[in-house]
Every structure is written in C-alpha cells, then in structure tokens.
Amino acid sequence: MVHILDDSLNVELLRLICSGTGVEINISELSERLQKHRNTTASRLEKLFSKRIIDRPFHPLTLLFAEYPLLVIEKANLPRNRKTNSWIEKDPHIWAAFFVKDEEYNTLLIELHERISTESRSHYLRVRNTFPLRPSI
C-alpha cells in the first residue's frame, strides 16, 4: 500500500477525486486534468480501489429522487362566481374545497397531486380559461 502512495500521479489522482462534489467518477475529466490517457487513469483508479485505499463512491439516499404524491392544503381568497366554481369542480387535482370565513381567506382547498411534472402544467397552458381570473390590483 505504501508503494502506491509513493507515486505522485496516484496522490494527485486521489486529491482530484476527493475534492469533487459528485457521486460518480468521471474518468475523462480526470484524464484531462492529469494530462494522461484514459486507460492509464482507469488502471490507476482500479489499483487504488483494489488496494482499498479509497472506496468507490456511492449514493446512500437512493429514494431521494423518487416522486411521491403531494397533498396540499391551502387557504385562498377566490371570487365566488360560476367561473371559479366550474374551475374547482373540473380541476382533477382538487380533492375537496370548502368556503370558509377565516381572516382574509374565504376558501380552503385540499389538492392531491400524484406527481409533479411538466405535462400537468402543459395541460393547463393548452386549455384556455382554466384558471379563474385574478382580481386586478
């Protein structure tokens, strides 16, 4: 193990790997920074891994990037008219709506979004007059 760390290229390779912020090793980028061939960099990395000087990077939170359903409870001040009622009835994400008197808000909306994606946004952008008009300030 001591012989591997005596080589300045291996030490520089370790420094570059440990200074990164990624969870994967980019051999092409390391080769460019070290000005060495990709095969040389890859073989040096394999030796460092096999001698257990450094472990392969891993991402322990694999479920972090999974999408989960989103339940939204919001208070809103919506106008009471047919257009707003129609929007509340037709919006697929609104699970329940209550007209309440609570401070400056008059509506309590409970929405369930199965996934947050651009296709649900594009649906609203394609359909005209889906959102109720906001009062002008």
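FYI, in our numbering the residues of the sequence shown are 14 to 150.
The beta-carbon is built from N, C-alpha and C at its ideal position, and this holds for glycine as well.
All of these numbers come straight from a predicted model, not from anything done at the bench.
| Asked | Found |
| --- | --- |
| Could you work out which residue in LEU125, LEU27, LEU122 is closest to ARG69 when comparing CA atoms only? | LEU27 |
| Rounded to a whole number of angstroms, what is the C-alpha to C-alpha distance between LYS114 and GLU127? | 29 Å |
| With three or more beta-carbon pairs closer than 8 Å as the criterion, would you say the stretch 54–61 touches the stretch 36–45? | yes |
| Excluding sequence positions up to five away, which residues of its chain have a Cβ less than 7 Å from the Cβ of ALA109? | ILE123 |
| Got a sec, what are the start and stop residues for the alpha helix (DSSP H) GLU42 sits in? | 40–47 |
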